[in-house]
Structures are given as C-alpha cells and as structure tokens.
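First comes the structure, then the notes that go with it.
2 protein chains.
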Amino acid sequence: MSSDLRTLFSEALSGNLRAIGRLLTALENPYEVPPEVFDEIMARAGRAHVIGVTGIPGAGKSTIISRLIREYRRQGLRVAVIAIDPSSPLSGGALLGDRLRMQEDSKDSGTFIRSVSTRGLKGGLSLAALAMVEAFDALGYDKVIVETVGVGQAEVDVMSAVHTVVVVTMPGVGDEIQALKAGVMEIGDIYVLNKSDLPDAQKAYEYLSFALDKGELGVQDSQWRPRLVRTSAVMGQGMSDLVNAIEEHRDYLLKDSKFTAKLASRRITLVRLMAERLLAKGVEEAMSRLEGRIAENALKSKGLLGIVRDLAKEACSEALSP
Amino acid sequence: MSSDLRTLFSEALSGNLRAIGRLLTALENPYEVPPEVFDEIMARAGRAHVIGVTGIPGAGKSTIISRLIREYRRQGLRVAVIAIDPSSPLSGGALLGDRLRMQEDSKDSGTFIRSVSTRGLKGGLSLAALAMVEAFDALGYDKVIVETVGVGQAEVDVMSAVHTVVVVTMPGVGDEIQALKAGVMEIGDIYVLNKSDLPDAQKAYEYLSFALDKGELGVQDSQWRPRLVRTSAVMGQGMSDLVNAIEEHRDYLLKDSKFTAKLASRRITLVRLMAERLLAKGVEEAMSRLEGRIAENALKSKGLLGIVRDLAKEACSEALSP
Chain A
21 MSSDLRTLFS EALSGNLRAI GRLLTALENP YEVPPEVFDE IMARAGRAHV IGVTGIPGAG
81 KSTIISRLIR EYRRQGLRVA VIAIDPSSPL SGGALLGDRL RMQEDSKDSG TFIRSVSTRG
141 LKGGLSLAAL AMVEAFDALG YDKVIVETVG VGQAEVDVMS AVHTVVVVTM PGVGDEIQAL
201 KAGVMEIGDI YVLNKSDLPD AQKAYEYLSF ALDKGELGVQ DSQWRPRLVR TSAVMGQGMS
261 DLVNAIEEHR DYLLKDSKFT AKLASRRITL VRLMAERLLA KGVEEAMSRL EGRIAENALK
321 SKGLLGIVRD LAKEACSEAL SP
Chain B
21 MSSDLRTLFS EALSGNLRAI GRLLTALENP YEVPPEVFDE IMARAGRAHV IGVTGIPGAG
81 KSTIISRLIR EYRRQGLRVA VIAIDPSSPL SGGALLGDRL RMQEDSKDSG TFIRSVSTRG
141 LKGGLSLAAL AMVEAFDALG YDKVIVETVG VGQAEVDVMS AVHTVVVVTM PGVGDEIQAL
201 KAGVMEIGDI YVLNKSDLPD AQKAYEYLSF ALDKGELGVQ DSQWRPRLVR TSAVMGQGMS
261 DLVNAIEEHR DYLLKDSKFT AKLASRRITL VRLMAERLLA KGVEEAMSRL EGRIAENALK
321 SKGLLGIVRD LAKEACSEAL SP
C-alpha cells in the first residue's frame, strides 16, 4: 500500500492523468495515506492559488469556472477544479449536467476536474476536498478552484480555507437577495453578478453595490474592499474583469504575507478535520458492536448518556489503536 | 444546574412558554444536560408524530407549514416546529422573513416554533435538532415538524430520523428537477407540488408522476408507495389532501410497528451524534493547546499525521475526563 501510493504519486507528478485520479481517490480517506507520502505531498504543496467559487444554484458557477479555465489555460497556467456536491447521499449523481459541461475542457492535460460527493464519505466532504487541494497544489497546479453550492457546514469549512472566495449571484427577486445575505454568501472577496444581461440586472447591481458600501458583504477581511464584477459567462462577457479581480486579490494576499497565513490556517483546518474524522470513524466501528445495546436502551429510555460515554470510550480505543 | 434544569423541565411540562424556550436552549448542548433530566425527557417521549419537511428554497415550505399548523390546531392537536437553518455561520439571520411569517401562528400556546442555526453550534446542527425533537415529544406535542432546506449531511441525518418525510417542490424548469432528483429529495414519503396554480404546473406534475412510477422517488421504503399532492399553499388549496396523506403514512407506520422502529433508529442516530460531538468538542479543546505546534508543523509540512494522532489522543482524554 505504502509503496503503491509512492509509485502513484511519482506517476501523478509526471502528469499521468489516471495516476492523478487514483491518488485523489486515495486521499478521500487521508488518514489512511502512509505518513511519508502524506508528508511529501505537504512538502511539495504551498504555492497554488486556491480559489473558492460559491453561490446559489442556477447562478452559473459552472459556466464561470469553464470560462476561468479557458482564460488560465490561455495564460499557460495549470488549473484543477474540485466540485463539491453535497446533495446526493443516495444517487451521488447531482449536477451531472454541470459536471459534463465542465469536463469538455478537461481533455487538455493542464486541466483536471474532480467531483466530490457525500457518497461513501459520511461527513468527510470538507476533509476530502481539503486533502485534494493539497494534492493538486503538490502536483504543480497553479490555480485550484473549489466549487460549492454554499450551504452547510462543510462548505463553510472549505470556503474559510481557500485564498480567494468568489461569490456568484444573478439578478432576481427578494428570495435570492435573502439567500445572498445568508451565511457563506457574506464571506466573498469578489462578488460576481452573472447573467447581467437579464432585465433586472441594473437593480441587482445597485443592491449589491449598496450592500457592499454598507459593509454587509465581504465581512471576513476588513482590509480588503470586496470587488463587484458584472459578467455574462454564457456570452463570455466580463470574464477579464473577473480574472483581473482575482489576480488583484492574490497580489494583495502576497504583499501582506496573508498568502502564507491562509496556507497555515488551511492546514490547521485539515488537521482538525482529520482528528475529528479519525474519532468519528472510531464511533462508527464501535457502533456496530454496541448497536443492539443502544437500541434496547434507546427504547427503554434509560441511561442514554452513559451509553454515549461508553461509545465515545470504545471509539477512542478503536481510533488510537496502532 | 441539575436542579435548575429539573425545575425548568417541570415548568415546561406545565406549558410555560418561556421555560420551554430555555429548555430547548439547554438542549443545544445535550451532552451537558444532567443524566436524570435527560432520562426523564427520553422516558416521556415516544408518542409524537415527527414530520420532516424539506425541499428547494422558494418552494413554499414555510407557507405549507403555517397551513399545517392551522389544520392541526383546528383538530385540537399541539404542534411544534423546528426550523433548521444551516446557512448563516456569521449572521445567524437567514430566512428571517419566513420565520416571522410562521411566528404569526405562535401566539397560540399549542404551537411552538424554534429556529436552529449553526450559530454557536459548530457542526452540531442535527444533534441539536434531534434533541429538540425528543423534548417537544416529551412535552406532549402531537406533531413535531422539522423543516430543512434539503442540502448537506446535517439535513440527511435529520430527515433519516423522522417518521414521515414531506418533500416540497414547485413547477419550474430543468434545474429544479435536477435538484429534486438530488439527494435528500429522493427520500420523500409524500411529494408536494406547491404553487400548482403556476403555468408549468401540469408539466411538472406529469414529470413527478412519471418519476414516481419509475421508482426514482421515495426510494427508502419499498413497501410504501409515495403520495403526490398538488397544493397552492398561499391560497390554501390542497391542504386537506396533504393532511390526509400525512395521516395515511402515520397509519401505515403504526400498523406495521414501523413507528417504534423509527423511534429506535432516531435515538441510535442521537446517540451516535452525541458521541461524535463529545469527541469533536474534545478536539476543539485540545486544538487551543496544540494550535501553535500544529501551525508550525503545517508550514514545515512534516509529521502532520503524527499531530493528528496526538490531537485525537488529547481530545479523547479531554472528552472522557470525568
């Protein structure tokens, strides 16, 4: 296993697409990756610019990412995309249309697109995504784009670990604006009003400008004034403005040593998630042994907290056994 | 603390709304609730019919829930609503309009509406929601309605722990249907096509019927054929059909002892989440002690897996210390 993954990593480093795919699969359970391989990945990583793209469904995130890929490829940069798809525990098949649209670009070996779904991951979505960020970074991708739908704890964990957060929205009525103000939507470094050729675009633009002026958006970094960019990604309009805004943010981070600080905080998050996952895995394993007793007590309604403690104890010895 | 919560629970049992509110707040961290209070809650719970309402944003879930509340109150039943709002880690303020709309109904003491957001919960959203289900159940609420937006692991955990899952959708274009097929949307016992007065309603209805016939929806229970109900909740149309469908499903569960089986599985989930949370809390506490070392190693890119193990070990002794 260890030597297999070592070989895989070397092959991946030389650009073998299949090896990259298999390495990413192994990293879905990063705590099972041999320490020396893990360390080597970490040692090689640290240079990529990690860009999070989030926003309400239907706003056109995938189209924007397709366009970004083209722009970056034109500049000779290597681009990886991690598309986080939290929606399907059963079919694993959401947003397939979007994925296929993006895959068109991936015949090109300087582009790699990977979808991560909850299927088989059981809560480890953000962990898998962050481990894949490290891998793409180690493999020399210049831009690593992480796409999320922007709801839920996993997405928040991931977005707080990227360098640059791009929030994509579109013209529409009150509901979209409410959604925009909610949660992960507030943490943009760059806001994109996509589909800006639609009738209501001017109104939406003014609303966003107003919210930005009032300091309601882009709240996570008081030293950076969030940019607002209008695009029509389907028609390819406004993309160079977006690319420029992203570069401006990167320059800002680099100038102020914030680029490295974000790398450190990304890895602190990774370590925390790995420890949590290691213990949650212990809980799962202990569950199978204790499930009968738990079910019995659950219906008797007695001593559930004691069971919780027993379960946690078993989980610990499970997780920490060599 | 222990005797305080005991008093609080007695007051809540006698219908004191403020006591109920404070009890629910205490249950946001259920592992901190004294075992005897916890046991008493569990012992009194077990009779409520727990209904999950999920679906895409904007489909009208809150309006439907408002209407359900009125119907149930008319029947003399007590109704509790737990609205899970995963979206705002920063402001905690999402979907406020919806919440306010529902609160109108809550002057009535047989109705209690509680919103749970990630704010201050750090990943314990589903745990808090399930503990609140037990509390409302123990307090004699006949119907406990849990509303989620239907994306993310937390929502999946919660929806798999309710008796009856109602999936709300509305007429629209391809994107909505893709969303509908994704994940939690597949696990409905009842599908509601709301806003069925809109132009595209017939097409959407036919699509849903077709998907049901093909067995693509309602996949979690092969013995129950999912119901499809058309409503226009704003106008109050179709609500009795929905109420009937929900009762049919309850009768089905009761007849087959599935009602109790679902209770047991809800509590198994609760126990698992509590054990996970106990350990995750240990990780958090250990983090603050180890963070400097982690940051250092994170940038040196050396020995991260060792750090993960150390962190997990510290977390265990933290979590299991008496």
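Residue numbers (this note's numbering), protein chains in the order written: chain A, 21 to 342; chain B, 21 to 342.
All residues carry an ideal CB built from backbone N, CA and C; glycine is no exception.
When the beta-carbon positions are compared, L331 (chain A) and L299 (chain A) stay at least 7 Å from each other. Between M294 (chain B) and V328 (chain A), the gap from beta carbon to beta carbon is short of 7 Å.
Taking CB atoms only, M190 (chain A) has no neighbour in chain B less than 7 Å away.
Per DSSP, reduced to three states, the secondary structure at R64 (chain A) is helical. Beta bridge pairing from DSSP links S135 (chain A) with A:A103. Under the 7 Å criterion on CB atoms, R287 (chain B) is classed as interfacial with respect to chain A. For I314 (chain A), the chain B residues whose C-beta falls within less than 7 Å of its own C-beta are I288, V291, listed in chain order.
By the criterion of a C-beta distance shorter than 7 Å, A155 (chain A) is surrounded in its chain by L43, L44, L47, I61, once the five residues flanking it on both sides are discounted. DSSP links T189 (chain A) through a beta bridge to A:L213. Residue-level contact check: A253 (chain A) does not touch chain B, since none of the beta carbons of chain B fall below 7 Å from its beta carbon. No Cβ of chain B is located within less than 7 Å of the beta carbon of I84 (chain A). Comparing alpha-carbon positions, the option among B:A158, B:Y227, B:E167 lying closest to R98 (chain B) turns out to be B:A158.
Rounded to the nearest whole angstrom, the CA to CA distance from K81 (chain A) to G238 (chain A) is 18 Å. Spanning the alpha carbons of G78 (chain B) and V188 (chain B) requires a straight line of approximately 10 Å. Partner residues in the beta bridge of Q257 (chain B), as assigned by DSSP, are B:S252.
I165 (chain A) sits in a strand when the DSSP states are folded into three classes. Annotated three-state conformation of G312 (chain B) is helix, per DSSP. In this chain, the alpha helix (DSSP H) harbouring I84 (chain A) covers 81-94.
Around V328 (chain B), the beta-carbon contacts reaching into chain A at under 7 Å are Y51, V291, M294, A295, L298. V249 (chain A) places its beta carbon 7 Å or farther from that of L228 (chain A). Its chain contains S135, E167 as the residues whose beta carbon lies nearer than 6 Å to that of A103 (chain A), once the 5 sequence neighbours on both sides are disregarded; these appear in chain order. Rounded to whole angstroms, G323 (chain B) and G66 (chain A) show a C-alpha spacing of 16 Å. Scanning chain B for C-beta atoms nearer than 7 Å to the C-beta of K333 (chain A) yields L340, reported in chain order. For T280 (chain B), DSSP assigns no beta-bridge partner whatsoever. In this chain, I76 (chain A) is not harboured by any beta strand (DSSP E), its DSSP state being neither H nor E. For E334 (chain B), the enclosing alpha helix (DSSP H) has its first and last residue at 324-340. At a cut-off of 7 Å between C-beta atoms, A284 (chain B) counts as an interface residue with respect to chain A.
For chain A, the residues of the segment 57-68 of chain B that bring a beta carbon within less than 9 Å of one of its beta carbons are F58, D59, E60, I61, M62, A63, R64, A65, G66, in chain order. Neighbours of G323 (chain A) in chain B, taken as residues at a C-beta separation under 9 Å, are given in chain order as P55, D59. P219 (chain A) has its alpha-carbon roughly 20 Å from the corresponding atom of T83 (chain A).
Proximity to I266 (chain A) across A:T184, A:M255, A:E334, A:E52 peaks at A:T184, based on C-alpha coordinates. The alpha carbon of S285 (chain B) has as its nearest neighbour, out of B:V164, B:M179, B:K163, the alpha carbon of B:M179. The alpha carbon of T289 (chain A) has as its nearest neighbour, out of A:S341, A:V153, A:I210, A:G75, the alpha carbon of A:V153. Of the candidates A:D162, A:S260, A:R245, the residue whose Cα lies closest to the Cα of R64 (chain A) is A:D162. Contact annotation for M307 (chain B) against chain A: I288, V291, R292, A295 [CB-CB distance below 9 Å, chain order]. Rounded to the nearest angstrom, the Cβ distance from A231 (chain B) to G192 (chain B) is 14 Å, too far for a contact under 8 Å.
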